[in-house]
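For our numbering, count along the sequence shown from 1 and bump the result up by 10.
Even glycine gets a Cβ: it sits at the ideal position worked out from N, Cα and C.
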Amino acid sequence: MKCRKCDNKAVINMRQHKLALCSHHYLSWLPEKTEHFITKYKMFDRADRILVAVSGGKDSLVLWDVLQQLGYEADGLYIDLGIDGEYAYSEESKRYSDEFANSNNLKLIVAEVTKMEGASILKAASLTHRGKDKPCSICGLTKRHIMNRVGFEGNYDVLVTGHNLDDEAALLFGNALNWQVGYLARQGPVLDGNPNGFIKRAKPFCRFYERETAAYSLLRGIDYIYEECPSAVGAKSIYFKEILNQMEMDRPGTKLQFYLAFLRAKENGAFTSDPGLIETPLRKCDSCGQPTSSPDECAYCRMWGRVRERMEAN
Ligand code: SF4
Ligand SMILES: [Zn+2]
Ligand SMILES: [Zn+2]
């Protein structure tokens with residue numbers, strides 16, 4: 011198969027776009043499309059200070075690479091969760107993030123959960139009811155909190171993550187399956203910030219299939235951690251991705267259509283009349299100063315406070 015734009019052999023065929031491209035044209039297509047999405051969804055501009063959440067995986071490293079190429083100034087944030095297991099997941103993913111930052115002369119901020127809170131995510135999960143079955147709930151809460159805190163305190167204008175279309179379609183599938191209107195209302199390419207302490211968030215890759223970012227990393231020679239976090243085994247999001255992959259095989263473009271139709275419905279006000287969406291007033295957490303709707307400490311401080319109590323008791 012030939013490239014649509016020249017006579018060279020195509021290296022990728024995107025059936026959902028009916029577009030096949032050679033390596034050279036693919037490497038310019040993905041950044042051009044990214045720029046288009048950044049503008050279309052009013053994510054940020056070149057005057058903004060951008061913080062990229064870097065996990066050492068392909069999507070976040072590709073995103074950081076593409077932003078550099080497009081002339082955006084972006085620092086990275088790596089959160090060391092202290093997850094070990096067979097292949098020292100956190101250590102390895104940090105190594106890939108460090109190597110990328112060093113070889114591209116970029117600033118990488120590292121936040122170490124164990125140093126900050128006195129225990130790794132796995133240790134915390136083993137000590138609390140919330141993480142009894144899986145550490146993901148504690149991990150998600152911790153990551154969201156640290157990303158917001160570092161972003162806000164560092165005076166960044168926006169926090170960007172490498173979520174791709176496969177991630178977003180799986181999230182949407184899960185939210186729709188349980189009809190979680192509040193979550194649906196907050197899902198999208200951009201989540202606006204709040205002057206009371208929430209940083210704006212954006213997902214510039216939300217319309218790219220995972221295979222598209224994977225192809226880009228391969229063609230650009232970006233090294234990343236292949237292994238998933240050991241705790242991801244059996245995650246619902248993986249199950250939803252498998253179902254959506256099956257649908258995509260039968261009908262190419264299904265995921266994109268699902269996501270875009272959702273965005274259109276949202277634009278037309280589909281999720282704005284829910285009474286649960288009435289904004290809860292925010293105040294500062296007594297311990298960390300981050301915004302919270304609770305009368306004393308935020309969920310993050312309460313959770314880590316319990317972990318510390320149990321560590322002392324043991
Ligand atoms: S799979 Fe691993 S990194 Fe992801 S939320 Fe769960 S514990 Fe955290
Ligand atoms: Zn070409
Ligand atoms: Zn707090």
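Beta strand (DSSP E) segment containing residue i, residue limits
| i | result |
| --- | --- |
| Tyr-88 | 84 to 90 |
| Met-259 | Premise fails: Met-259 lies in the alpha helix (DSSP H), 246 to 260, not in any beta strand (DSSP E). |
| Val-120 | 118 to 122 |
| Arg-211 | 210 to 212 |
| Ile-60 | 60 to 64 |
| Ile-22 | 22 to 24 |
Any non-hydrogen atom of ligand 3 within 7 Å of residue i CB
| i | result |
| --- | --- |
| Tyr-234 | no |
| Glu-163 | no |
| Cys-13 | no |
| Gln-78 | no |
Cα-Cα separation between residue i and residue j, rounded to whole angstroms
| i | j | result |
| --- | --- | --- |
| Glu-109 | Ile-248 | 28 Å |
| Gly-263 | Glu-252 | 15 Å |
| Tyr-99 | Arg-105 | 10 Å |
| Leu-31 | Gly-231 | 18 Å |
| Tyr-236 | Arg-221 | 13 Å |
| Phe-162 | Asn-115 | 23 Å |
| Tyr-269 | Thr-302 | 30 Å |
| Asp-85 | Glu-319 | 35 Å |
| Glu-238 | Ser-103 | 10 Å |
| Glu-127 | Arg-159 | 14 Å |
| Thr-49 | Asp-55 | 8 Å |
| His-27 | His-34 | 18 Å |
| Phe-183 | Gln-197 | 12 Å |
| Val-317 | Ala-323 | 10 Å |
| Val-120 | Arg-14 | 42 Å |
| Ile-209 | Glu-83 | 17 Å |
| Gly-164 | Ala-111 | 18 Å |
| Val-123 | Gly-315 | 14 Å |
| Tyr-97 | Ala-242 | 14 Å |
| Ala-129 | Glu-258 | 41 Å |
| Ser-147 | Leu-137 | 13 Å |
| His-139 | Ser-65 | 26 Å |
Pick from the options that is closest to residue i, judged by C-alpha positions
| i | options | result |
| --- | --- | --- |
| Phe-47 | Val-76, Gly-66, Asp-94 and Leu-229 | Val-76 |
| Asn-255 | Pro-301, Ser-227, Gln-300 and Ala-180 | Ala-180 |
| Pro-240 | Leu-132, Asn-18 and Lys-12 | Leu-132 |
| Asp-260 | Ala-129, Arg-25, Ile-235 and Ala-121 | Arg-25 |
| Leu-292 | Asn-204, Val-21 and Leu-229 | Asn-204 |
| Met-157 | Leu-182, Ala-63 and Gln-78 | Ala-63 |
| Phe-272 | Glu-122, Thr-171 and Tyr-193 | Tyr-193 |
| Leu-175 | Glu-322, Asp-69, Ile-22 and Ala-245 | Asp-69 |
| Lys-117 | Lys-210, Phe-183, Tyr-51 and Arg-59 | Arg-59 |
| Leu-201 | Lys-15, Asp-17, Met-53 and Asn-18 | Met-53 |
| Asp-177 | Thr-282, Lys-294, Glu-96 and Ala-245 | Ala-245 |
| His-173 | Arg-14, Leu-71, Ser-136 and Gly-299 | Leu-71 |
| Lys-276 | Met-257, Ala-195, Asn-206 and Cys-146 | Ala-195 |
| Arg-274 | Asp-306, Cys-16 and Pro-199 | Pro-199 |
| Thr-167 | Lys-144, His-139, Lys-125 and Ala-212 | Thr is not the amino acid found at residue 167; the sequence shown has Asp there. The option with the nearest alpha carbon to Asp-167 is Ala-212. |
| Val-170 | Val-243, Tyr-88, Ser-136 and Ala-129 | Tyr-88 |
| Gln-79 | Ser-107, Leu-37 and Cys-146 | Leu-37 |
| Ala-224 | Leu-137, Gly-67 and Ser-304 | Gly-67 |
Run of the alpha helix (DSSP H) containing residue i, from where it starts to where it stops
| i | result |
| --- | --- |
| Ala-180 | 175 to 187 |
| Leu-169 | Segment 168 to 170 is the beta strand (DSSP E) holding Leu-169; no alpha helix (DSSP H) there. |
| Met-157 | 146 to 163 |
| Leu-228 | 220 to 230 |
| Asn-112 | 99 to 113 |
| Leu-73 | 68 to 79 |
| Ala-309 | 309 to 323 |
Proximity test, residue i beta-carbon vs ligand 1 heavy atom, cut-off 7 Å
| i | result |
| --- | --- |
| Ser-130 | no |
| Leu-201 | no |
| Pro-305 | no |
| Ile-93 | yes |
| Pro-145 | yes |
| Gly-150 | yes |
| Ala-245 | yes |
| Cys-308 | no |
| Ala-98 | no |
| Cys-239 | yes |
| Ala-242 | yes |
Distance cut-off 7 Å: residue i Cβ against heavy atoms of ligand 2
| i | result |
| --- | --- |
| Asn-18 | yes |
| Leu-31 | yes |
| Lys-28 | no |
| Lys-43 | no |
| Lys-294 | no |
| His-173 | no |
| His-139 | no |
| His-34 | yes |
Closer than 8 Å to chain D by CB, residue i
| i | result |
| --- | --- |
| Leu-116 | In the displayed structure, chain D is absent; only one protein chain is listed. |
field: Touch test, the segment 306 to 313 against the segment 210 to 224, Cβ-Cβ under 8 Å, three pairs minimum
entry: no
- prompt: Do three or more CB pairs link the segment 144 to 153 to the segment 36 to 44 at distances below 8 Å?
  reply: no
query: Any chance the segment 82 to 93 sits against the segment 181 to 188, with 3 or more Cβ pairs inside 8 Å?
result: no
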